[in-house]
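Asks: For the sequence shown, counting from 1, position 9 maps to 4 in my numbering; every step adds exactly one. We treat Cβ as the ideally placed atom computed from N, Cα and C, and that holds for glycine.
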Amino acid sequence: MSEMDGVDFVGLAHLGRDPKYIRDALNLPWLSKYPKTLEAYAKRFGADIYETANELIDRGKPNALCICTEDYLHQRYALLAIEHGIHALLPKPFAQSIEEAEAIFSAANERQVIAFGVLPHRFRPPAVTARSAIEEGAIGRPITGHFAIAHHLTLGGWKSDTSMAAGPELEVGFYAFDLARMLMMSEPVSVMGLGVNLDHRGIPYIDNGKCLLTCQNGAIASVDLVMSLHQPFAPAQTVYVVGDGGALTLEDDAVVIHTPDGITRRDIPKWQNGELETWLNLCRGREDGCEEQTRSWQTEGLRTLDLILAYKQSYETGETICLNRWED
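1. Kindly indicate which three-state DSSP category C63 falls into: helix, strand or coil?
2. Distance, Cα to Cα, L207 vs T139?
3. Over the uninterrupted beta strand (DSSP E) stretch that includes M187, give me the two end residues.
4. Which stretch, first to last residue, makes up the alpha helix (DSSP H) that contains F40?
5. Spatial neighbours of Q232 within its chain, please: CB distance less than 7 Å, with the 5 preceding and 5 following residues excluded, ordered by chain position.
6. Just curious, the beta strand (DSSP E) that R261 is in, first and last residue?
7. So, is C317 buried or exposed, given that buried needs 16 or more other C-beta atoms within 10 angstroms?
8. Under three-state DSSP, which class holds N276?
9. Buried or exposed: which applies to V169, given that a residue is buried once 16 or more other Cβ atoms fall within 10 Å of its Cβ?
10. Does the distance from the CB of V218 to the CB of I134 come in under 8 Å?
11. Please state the DSSP three-state secondary structure of P137.
12. Where does F100 land, buried or exposed, given buried means 16+ other C-beta within 10 angstroms?
13. Helix or strand or just coil, what does DSSP make of Y235?
14. I'd like to know whether the C-beta atoms of G240 and G112 end up nearer to each other than 8 Å.
15. Can you grab the Cα-Cα spacing for the pair V184 / L33, in whole Å?
16. Check the DSSP bridge columns for D219 and list the partner residues they point to.
17. How would you write the range of the beta strand (DSSP E) that A83 sits in, first residue to last?
18. Which residue or residues does DSSP assign as beta-bridge partners of W285?
19. Which residue from K87, Y72 and L148 puts its Cα closest to that of L300?
20. Name, in chain order, the residues that DSSP records as bridge partners for A242.
21. Can you say whether W292 is buried or exposed, counting buried as having 16 or more other CB atoms within 10 angstroms of its CB?
22. Answer yes or no: do S309 and M187 have a C-beta to C-beta separation smaller than 8 Å?
23. Whole angstroms are fine: how far does the CA of L150 sit from the CA of D156?
24. Near L245, what residues of its chain come up, given a Cβ to Cβ distance below 7 Å and the 5 sequence neighbours on each side ignored?
25. Taking the straight line between their C-alpha atoms, what separation do you get for E311 and D3?
26. Across the region 57 to 77 and the region 248 to 266, are there enough close Cβ pairs to call them in contact, namely three or more that are closer than 8 Å?
27. Grab me the residues of W274's own chain with a C-beta within less than 6 Å of its C-beta, minus the 5 sequence neighbours each way, in chain order.
28. What residue does the beta strand (DSSP E) around I44 start on, and which one ends it?
29. Work out the CA separation of T64 and D19 for me, nearest whole Å.
30. Among P30, E94, H225 and G1, which has the Cα closest to the Cα of L304?
31. Sort V108, N276, A102 and V167 by Cα distance to G1 and report the nearest one.
32. Spell out the partners DSSP gives I198 in its beta bridges.
33. Just tell me which of A76, D43 and R261 has its CA closest to the CA of A59.
34. Is the beta carbon of C210 within less than 7 Å of some heavy atom of the ligand HEM?
Shown next as structure tokens:
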């Protein structure tokens, strides 16, 4: 962030967390490169450390805040930022209910600040490349698809506390379910879900989930949440879309398109994840139609959140859930 043109990192707030809590929260393999103490953070990023969010706001005087708290605190600190006229970015899972998300977005729109939740695949080269190919008609109209994520359960510290963590459906669902929405090109209207714990003991979470979706245009899709792997296994992350004129799948370095004329590959470009830059450019008014773009991101976030919650409701009740909130 501090290397972005025209952006200064003014500081961060540790919210009174003690050193052990911070170390435990960062004790995950994919966070191994991050500092484990407040002093190390200050040195690494050249930023001031504040104890409270109010202190950060009053003394640091930020124009924009990224709300990187435990899940249950996202709304509280987003609304605090918005109340002070500060733009807010909410990483996934940005809310645990539609009402919570709408409260944040409504407050931001009324205060005329930029706030939305991150949908990771919208800013990842593989998904963007696949979406472009489908939009260009490379496989015709999507009629079925499969979307999967393999992500070991994040446990320990606050992640195991159901009063603080949103749970695995929301933690990983913003990847797989949003990718389904992104590539099927038609909104889901019915949801059938299964969710079970088959490999873990003493925790209140599912570790495997399956979902069947029916889209507005009649297309169907499946979503797999695989959270019980203890080793790398690439097939558990298979993503493909079949259309009436071809099919495509996502590989590490290419989108592979199969048609009656043969197989072609579209190389996946290399660029940095763009959610932070997109948000900051909207905050600075550097994009045309900033208000319309912000409302669009908010709506996309709400639709994906609604879909994930419908999946959770379906496996908990055994019912097929119909989605009609977003019908045109």
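Replies: Considering the structure as presented:
1. Note: C63 maps to coil in three-state DSSP.
2. The alpha-carbon atoms of L207 and T139 are separated by roughly 11 Å.
3. Note, M187: beta strand (DSSP E), P183 to V191.
4. First-last of the alpha helix (DSSP H) with F40: L33 to F40.
5. For Q232, the CB contacts under 7 Å within the same chain, skipping 5 residues up- and downstream, are A143, I144 and A145 in chain order.
6. From DSSP, the beta strand (DSSP E) with R261 extends over G257 to D262.
7. Exposed, because fewer than 16 other Cβ atoms sit within 10 Å of the Cβ of C317.
8. Secondary structure of N276 (DSSP, three-state): helix.
9. First, the amino acid is wrong: residue 169 is Phe here, not Val. Counting Cβ neighbours within 10 Å, F169 comes out buried, since at least 16 surround it.
10. For V218 and I134, no; Cβs fall outside 8 Å.
11. Here DSSP, grouped into helix, strand and coil, assigns P137 to strand.
12. Per the 10 Å Cβ criterion, buried.
13. The three-state secondary structure of Y235, taken from DSSP, is strand.
14. G240 places its beta carbon 8 Å or farther from that of G112.
15. The alpha-carbon separation between V184 and L33 amounts to approximately 46 Å.
16. Residue pairing of D219 in beta bridges, as defined by DSSP: A143 and K205.
17. For A83, the enclosing beta strand (DSSP E) has its first and last residue at H82 to L85.
18. It should be noted that the sequence gives Cys, not Trp, for residue 285. The partner list for C285 (beta bridge, DSSP) is empty, contrary to what the question assumes.
19. The residue with the shortest Cα to Cα distance from L300 is K87.
20. Answer is V237 and H253.
21. So W292 ends up on the buried side.
22. Less than 8 Å separates the beta-carbon of S309 from that of M187.
23. Near 9 Å, if we compare the C-alpha coordinates of L150 and D156.
24. Closer than 7 Å at Cβ, skipping near neighbours: P121, A125 and V234.
25. Taken atom to atom, the span from the alpha-carbon of E311 to that of D3 is near 45 Å.
26. Short answer: they don't touch.
27. Leaving aside the five residues that flank W274 on each side, the residues in its chain whose CB is nearer than 6 Å to its CB run, in chain order, L84.
28. I44 -> beta strand (DSSP E) spans D43 to Y45.
29. The alpha-carbon atoms of D19 and T64 are separated by roughly 14 Å.
30. Selected option, being the one with the closest Cα: E94.
31. Nearest C-alpha to G1 among V108, N276, A102 and V167: N276.
32. DSSP output for I198 lists no bridge partner at all.
33. Taking only the C-alpha atoms, the option nearest A59 is A76.
34. This structure lacks the ligand HEM, and indeed carries no ligand of any kind.
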